[in-house]
Amino acid sequence: MNTSNNKMNFFFEYIYYRITQLFFKRDGRTGFTGIAIISLMQALFIEVILLEIGKWIIMADTRALYAKQFGYIGAAIGLFFMIYNYKKYNGKYNQYRYYWKDETRGTRMLKGCYILLAFLFPIALVIIFGVHWEK
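Numbering (our numbering), first residue to last: 433 to 567.
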């Protein structure tokens, strides 16, 4: 498989493969749902980091005044990840399927749990940090 040595890249390739496999009848080999979920995960993670940094740098009244603009920045980050991941993963399902076709059931279950945790982690960060945003 032509994959980089970067473990995070490898992890997202696997997430793309498993989600595309789950939604294969609907999406086909393009795996749009997998691309969208990976992009959402990445965008939420980056946005939580930026929000936390902004909490310490930008005064609360200024944040409230420019909330709409910050929303546009968040949408732009999400769009960036969608375009990037579409170019990176679109149509690569068969390549990944060939690589991971011989996984044991136990390995698939364990990695499936990792995927679920990886999906819930940025959402949990948004909830945790979002509750404390105004403080």
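All C-beta atoms in this analysis are idealised placements derived from N, C-alpha and C, irrespective of residue type, glycine included. As the structure is a computational prediction, the values presented were derived from the model and not from experiment.
Closest residue to residue i among the options (Cα-Cα distance)
i, options, result
"Asn-441", "Thr-536, Arg-540, Tyr-528 and Lys-533", "Tyr-528"
"Gly-506", "Phe-443, Val-558 and Thr-462", "Val-558"
"Asp-459", "Lys-524, Leu-542 and Pro-554", "Lys-524"
"Phe-443", "Tyr-546, Ile-555 and Pro-554", "Tyr-546"
"Ser-471", "Tyr-530, Leu-542, Asn-522 and Ile-490", "Asn-522"
"Ile-555", "Phe-502, Thr-494, Ala-492 and Glu-479", "Glu-479"
Sequence-distant residues of its chain with Cβ nearer than 8 Å to residue i (five each side left out)
i, result
"Trp-532", "Tyr-446 and Tyr-449"
Assumed close pair residue i, residue j - CB separation to whole angstroms, cut-off 8 Å
i, j, result
"Ile-469", "Ile-451", "5 Å"
"Phe-561", "Met-473", "About 16 Å; that fails the 8 Å criterion."
"Thr-465", "Phe-455", "4 Å"
Close beta carbons around residue i, own chain, < 6 Å, minus the five adjacent residues each side
i, result
"Tyr-518", "Ile-467"
"Gly-544", "none"
"Arg-495", "none"
Within 7 Å, strictly: CB atoms of residue i and residue j
i, j, result
"Ile-515", "Ala-475", "no"
Any non-hydrogen atom of the ligand GTP closer than 6 Å to residue i Cβ
i, result
"Leu-497", "Annotation note on the ligand GTP: not contained in the displayed structure, which lists no ligands."
Contact set for residue i: own chain, Cβ-Cβ below 7 Å, skip 5 residues either direction
i, result
"Phe-553", "none"
"Lys-461", "First, the amino acid is wrong: residue 461 is Arg here, not Lys. The answer, listed in chain order, is Gly-523, Tyr-525 and Asn-526."
Fill in: Entirely enclosed alpha helix (DSSP H) segments - the segment 466-530, minimum 4 residues
492-497 and 499-521
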